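Residue numbers (the numbering used here): 5 to 116.
Note that the Cβ used here is the ideal one computed from N, Cα and C, for glycine as well.
On a predicted model such as this, the values are computed, not experimentally measured, just so you know.
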């Protein structure tokens, strides 16, 4: 199955992302991408997308990752609602209280 995802390029503390089409089982870091569809620089907020090619790959059946899906919606390439990328975990009240309480230690007996 094909997927459209971001691959990170750039230097340390200077990220630069490319939007690529690759096979889902191959890592985006492996460099085995079929086509580069665009780029995104989060520092300068610079964006570039090949809209026709993105639409082509979506028609062929490529699935965008959650972040790419949200990126394409914000750029107006596709329509729909954004996907929550970082879902908040729901913790039970009893679990949080147990973890925050310090562990009880037995008192040391004085030496005789």
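- Bridge pairing for residue 21: 12 and 44 [DSSP].
- The C-beta distance from residue 12 to residue 24 rounds to 11 angstroms, too long to fall under 8 angstroms, and the pair is not in contact.
- For residue 53, the enclosing beta strand (DSSP E) starts and ends at 50-53.
- Residue 6 carries a strand assignment under DSSP once its states are collapsed to helix, strand and coil.
- If you look at residue 76, you'll find it in the alpha helix (DSSP H) that goes 70-79.
- Here the alpha carbons of residue 38 and residue 50 stand approximately 23 angstroms from one another.
- With at least 16 other beta carbons inside 10 angstroms of its own, residue 42 counts as buried.
- Residue 71 is a Cβ neighbour of residue 89, given a cutoff of 8 angstroms.
- Excluding sequence positions up to five before and after residue 64, its CB lies within less than 8 angstroms of the CB of 6, all in the same chain and listed in chain order.
- Per the coordinates, the alpha-carbon of residue 55 lies some 19 angstroms from the alpha-carbon of residue 85.
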